[in-house]
Amino acid sequence: MIPDVSKALSWLETHPRILKGINRGIERETLRITPDGALARTGHPEGLGKSLTHKWITTDFAESLLEFITPVDSRIDYTVKFLRDVHRYTARHLNNERMWPLSMPCFIDSEEHIELAQFGTSNAGRFKTLYREGLKNRYGALMQTISGVHYNFSLPMEFWQAWSGISDAQSGKDKISDGYFRLIRNYYRFGWVIPYLFGASPAICSSFLRGRKTNLPFETLPKGALYLPYATSLRLSDLGYTNKSQSDLNITFNHLDTYVAGLKNAIQIPSEEFAALGLTKDGKHLQINANVLQIENEFYAPIRPKRVQKGDESPSDALQRGGVEYIEVRALDINPFSATGVDETQIRFLDLFLIWCVLADAPEMSADELACARHNWNRVILEGRKPGQEIGIGCGREKQPLQKVGHALFNDLLRVADVLDTCSGTQYREVCEALKVQFDDPELTFSGRMLALIKEAGIGSYGLALADRYHEELTHEPYEVISEADFAEQWQASVDKQKAMEESDTISFDEYLALHGGR
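With this note's numbering applied, the sequence shown corresponds to residues 4 to 522, in that order.
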């Protein structure tokens, strides 16, 4: 069923203070839309500063795909308020546009109308746009407009000192990295609980499938949306961002050195499919290179080990230098029931679950078992609310009812919650109690609630009504932790930094690409 964590939980209960100081950060993506619900075709709003260099407001794949970033902090309430302030500021500078409140995109009549994110004329900025050009040519632009929330999480040094007996981060980096990879393996085995509870994309706008083939048995709602009756997160399905050639890379999550070696190898493997696209056409670059991965960030994973990069470091170089610093959870759909796309309940649940993932035994995973774990995820993604749904255990034939596994997991999480609440009241236990009942009634999950609303209103009308409501709320709320002066200072800093980058280039873009395009 689930690992026996009783011994580790008993140990944790005798060391409650070692969890004080968990650090968190949030990245939230959202499409800009017109008042009638279509994809905005305007450039990045001038009032938001420069997306290349702004610390809090940037763009992801498309010029219309905003991304908000909170700084690292240990206070949940501060992080939630900071994120909402960024939304408030953005809403005030959208020039009558709105923020789309769902993961799956709004009505898009043509992929040609999706403009790639523009980052100015510096070599670094042009490189970022070329990477997106490659994604568009490899996988199509439409799937790149899907939005999500990323949750960055790190345990305090006091935890690692007590857990692994290390003295400091540098000398103990290998043991810390081992701990985070243990977390990742358990995340792959049991992380399907995240789309079960918080998947919020059981339906899509029919325009998303125009001209695309799918084997999924979609049903059609009277107002045109396509849905699967028991789906939780179509965003995480094969309709979302996938690279089938990545399944042959055999990148595993057992040790830092083998993970880094696998990632470095992947960006050097030539792809016949992508080579056929060509590197240039009529003098225009089409992709950074013709390898399976243009750069390391192209490797899709629902969770990533991370370290803050220095200078021109690649993600794997940063990991090699200092070990794993934090992990990035990438399986969260946009929460349609929150103006900021994520709420405090989800943050507290992720804290509990990720701590459990560190504590629970996590035998090494072969590529075959990783594939089995992904099969469990797909079962929950496409049919998570199906009555009697079962979850496979390991790579064997054993299966257990999802409901039973969920309750067993939450029995452990309640003990973790009580430890965390010794420092902060009763909120973690309240979150556990509220979520646990959703294994008995799947219609209480995000996907169950959302599908009922979409069936009633239609996906376009539902999304637009939410967008209008949230826009009204955000534009009239006062700031809580960031001042207008702070925003003005960051705006100017982003303008000055981008200008400096553009003026400091000393080589041509082709020379820059030759230096940076093969790693």
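Here a beta-carbon is modelled for each residue, glycine too, at the ideal position from N, C-alpha and C.
For residue i and residue j, what's the separation of their Cα atoms in angstroms?
i    : j    : result
A203 : D336 : 6 angstroms
L158 : C426 : 15 angstroms
K226 : S210 : 12 angstroms
K10  : E16  : 10 angstroms
V345 : V152 : 7 angstroms
Y230 : I197 : 20 angstroms
L296 : R307 : 16 angstroms
A363 : T261 : 22 angstroms
G281 : P366 : 42 angstroms
N126 : G314 : 15 angstroms
Y134 : H57  : 19 angstroms
I207 : M107 : 6 angstroms
A370 : L12  : 29 angstroms
D177 : V361 : 15 angstroms
T255 : R185 : 12 angstroms
S150 : E161 : 35 angstroms
F85  : V498 : 22 angstroms
A120 : W14  : 49 angstroms
V434 : K284 : 54 angstroms
E66  : G46  : 6 angstroms
G28  : N268 : 29 angstroms
V419 : D354 : 9 angstroms
R129 : V484 : 34 angstroms
With 16 as the cutoff for other CB atoms within 10 Å, does residue i come out buried or exposed?
i    : result
G466 : buried
T61  : buried
H18  : exposed
D415 : buried
E301 : buried
N218 : exposed
R432 : buried
G463 : buried
Q290 : buried
T82  : buried
M4   : exposed
Q271 : exposed
H288 : buried
I457 : buried
Give me, in chain order, the residues of the same chain whose beta-carbon lies closer than 6 angstroms to that of residue i; leave out the 5 immediate sequence neighbours on both sides.
i    : result
R192 : A376
G461 : K226
D63  : E32, E70
V263 : S319, L322, Q323
A496 : none
L51  : I60, H96
K131 : F122
W195 : N379, W380, V383
So, for residue i: in the same chain, excluding its five sequence neighbours on each side, which residues have a beta-carbon less than 7 angstroms away from its beta-carbon?
i    : result
Q441 : L200, L447, T448
N98  : P48
P38  : N99, R101
V408 : M4, I5, I394
M453 : A203, P205, P339
L373 : Y191, T255
Report all residues from its chain with a CB closer than 8 angstroms to the CB of residue i; omit the five preceding and five following residues, and keep chain order.
i    : result
I3   : Examination of residue 3 is not possible in this model, given that the chain is present from 4 through 522 alone.
M102 : T33, L34, R35, I36, L69, H90, T93, A94, A470, Y473, H474
D421 : E16, Y431, R432
Which one or two residues does DSSP pair with residue i in a beta bridge?
i    : result
G223 : In the sequence on display, residue 223 carries Thr and not Gly. Bridge partners of T223: L229.
P273 : N294
R31  : F71, V152
T62  : L69
### Task
May I have a chain-ordered list of the alpha helix (DSSP H) segments no shorter than 4 residues that lie completely inside the segment 366 to 415?
370 to 386
### Task
Could you name each continuous alpha helix (DSSP H) segment of 4 residues or more that falls completely within the segment 158 to 207, going from the start of the chain to the end?
160 to 167, 176 to 193, 196 to 201
### Task
Note down, one range per segment and in chain order, each alpha helix (DSSP H) of at least 4 residues found wholly within the segment 294 to 325.
318 to 325
### 4 or more residues per run - each alpha helix (DSSP H) lying fully within the segment 460 to 516
Counting only unbroken stretches of 4 or more residues, the alpha helix (DSSP H) elements lying wholly within the segment 460 to 516 are 462 to 479, 487 to 507, in sequence order.
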